[in-house]
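Residue numbers (our numbering), protein chains in the order written: chain A, 9 to 138; chain B, 9 to 138.
Printed below as a string of structure tokens:
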């Protein structure tokens with residue numbers, strides 16, 4: 009390690025800092041989606057909102073393009089997060105009708121899933137990591 | 009939209025802000041990995057560093073746990089990012105020997121891939137989104 013170029017050491021330090029920030033933002037995001045899920049359930053709103061999701065993806069693609077990030081990667085990233093949220097939600101859902109309704113609204117695909125589905129980030133609902 | 013509960017509107021606004029921050033951090037991260045890849049190539053260092061990657065994953069799992077985020081999700085997230093970086097790198101690699109060496113070091117799996125592989129986030133190298 010000690011014989012690494014100083015520039016490389018500095019870059020690694022920056023990458024580590026960025027990764028820590030990403031993890032903390034994701035933690036905050038899951039807290040928000042959890043609250044959204046609870047709120048929607050309380051007022052009787054459906055868990056999925058494909059119109060909003062489509063807007064979110066389009067917006068993130070635009071932001072990515074401005075920031076110099078591949079918009080396709082940005083879309084894959086948010087799709088990945090959505091899929092995780094849905095996975096947690098489905099694992100916690102006791103009524104199969106709910107999961108079926110959500111899948112119907114989204115066509116069974118992660119990109120159409122609700123970005124605001126409730127999640128339980130700390131729950132060890134999936135030990136096998138799928 | 010106008011008949012949504014105010015709390016839901018506020019939460020959605022926060023989620024949108026968090027997502028924008030995530031996209032910008034990811035853009036910065038890819039800039040750093042690109043520089044790392046260029047630097048490693050210049051000094052003749054191998055692209056993959058499994059020991060560092062293992063430390064990174066362990067660290068992020070610890071940070072996630074402290075932040076209230078499922079450590080398994082944190083690991084899946086960084087694995088997803090690594091896989092994207094490798095994918096971009098492989099698409100840009102002209103010499104197949106390089107890609108083979110990287111796959112050999114990582115066992116062909118994303119978690120063992122080098123988190124610091126160079127990437128070209130804006131390059132439309134994969135129109136099919138795999």
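Beta carbons: idealized from backbone N, C-alpha and C, even for Gly.
| request: Determine the direct distance from the alpha carbon of residue 64(B) to that of residue 15(B), and round the result to whole angstroms. | output: Answer to the nearest angstrom: the Cα atoms are 37 Å apart.
| task | Answer with yes or no whether the minimum CB distance from residue 31(B) to chain A is below 7 Å. | result | Cβ-Cβ to chain A under 7 Å: yes for residue 31(B).
| field | Backbone CA spacing between residue 58(A) and residue 21(A) [nearest angstrom] | value | Taking the straight line joining both Cα atoms gives about 39 Å.
| query | When you compare each of 18(A), 19(A), 33(A) to residue 25(B) by their alpha carbons, which one comes out closest? | reply | Closest by alpha carbon: 33(A).
| task | Spell out whether any CB of chain B is found under 7 Å from the CB atom of residue 93(A). | result | Chain B contact via Cβ: absent.
| query | How big is the Cα-Cα spacing for residue 90(A) and residue 77(B)? | reply | Distance between the alpha carbons of residue 90(A) and residue 77(B): 15 Å.
| task | Return no unless some Cβ of chain B is closer than 7 Å to the Cβ of residue 15(A). | result | At least one CB atom of chain B sits nearer than 7 Å to the CB of residue 15(A).
| query | With a cut-off of 7 Å, does the C-beta of residue 76(A) fall near any C-beta of chain B? | reply | Yes, because at least one Cβ of chain B sits closer than 7 Å to the Cβ of residue 76(A).
| query | From residue 84(B) to residue 85(A), what does the alpha carbon distance come to, in whole angstroms? | reply | Looking at the two C-alpha atoms, the distance is approximately 12 Å.
| query | What distance in whole Å lies between the Cβ atoms of residue 51(B) and residue 54(A), which are believed to be in contact at a cut-off of 8 Å? | reply | Not confirmed; about 55 Å, so no contact.
| task | Sort 94(A), 88(A), 30(A), 82(A) by Cα distance to residue 67(B) and report the nearest one. | result | For the options 94(A), 88(A), 30(A), 82(A), the alpha carbon positioned closest to that of residue 67(B) is the one of 30(A).
| Closer than 7 Å, CB to CB, is residue 43(A) near chain B or not? | Yes, contact with chain B.
| Contact set between the stretch 36–63 of chain B and chain A, restricted to residues whose Cβ is under 8 Å from the partner | Taking 8 Å as the upper bound on Cβ-Cβ separation, chain A lies near residues 36, 37, 38, 39, 40, 41, 43, 44, 47, 48, 51, 53, 60 of the stretch 36–63 of chain B.
| task | Find out if the Cβ-Cβ distance for the pair residue 19(A), residue 17(B) is shorter than 7 Å. | result | The answer is no: Cβ separation not under 7 Å.
| Bounding residues of the alpha helix (DSSP H) (the contiguous stretch that carries residue 19(A)) | For residue 19(A), the enclosing alpha helix (DSSP H) stretches over residues 14–51.
| Which bits of chain A does residue 82(B) rub up against, with CB to CB less than 7 Å? | Per Cβ cutoff of 7 Å: 31.
| Within 7 Å, strictly: CB atoms of residue 69(B) and residue 49(B) | Between residue 69(B) and residue 49(B), the C-beta spacing is not below 7 Å.
| residue 21(A): CB within 6 Å of a non-hydrogen atom of the ligand COA | For the structure depicted, the ligand COA is absent and the ligand set is empty, with no information on it obtainable.
| Within 10 angstroms of its Cβ, does residue 27(A) collect 16 or more other Cβ (buried), or is it exposed? | Sixteen is the threshold: when 16 or more other Cβ atoms of the shown chains lie within 10 Å of the Cβ of residue 27(A), as they do, the residue is buried.
| said: Contact criterion: CB-CB distance below 7 Å. Does residue 65(B) meet it with respect to chain A? | reply: Taking Cβ atoms only, chain A never reaches closer than 7 Å to residue 65(B), which makes this a no.
| Is residue 21(B) close to chain A, meaning its C-beta is less than 7 Å from at least one C-beta of that chain? | With a threshold of 7 Å between beta carbons, residue 21(B) makes no contact with chain A.
| query | If you drop the 5 nearest sequence neighbours on each side, which residues of the same chain put their C-beta closer than 6 Å to that of residue 79(B)? | reply | Cβ neighbours of residue 79(B) beyond the five flanking positions: 69, 72, 73.
| query | Since residue 56(B) is in the alpha helix (DSSP H), which residue starts that stretch and which ends it? | reply | Looking at the DSSP string, residue 56(B) is not in any alpha helix (DSSP H), and its letter there is neither H nor E.
| C-beta atoms of residue 75(B) and residue 35(A) nearer than 7 Å | Between residue 75(B) and residue 35(A), the gap from beta carbon to beta carbon is short of 7 Å.
| Taking Cβ positions only, does residue 27(A) come closer than 7 Å to chain B? | It does; some Cβ of chain B falls within 7 Å.
| Exposed unless 16 or more other CB atoms sit within 10 angstroms - verdict on residue 92(A) | By the neighbour-count rule (16 or more Cβ atoms within 10 Å), residue 92(A) is buried.
| message | Taking its Cβ as the centre, do 16 or more other Cβ atoms sit within 10 Å of residue 61(A), making it buried, or is it exposed? | response | Counting every other CB atom within 10 Å of its CB across the protein chains shown gives residue 61(A) a total of 16 or more, marking it as buried.
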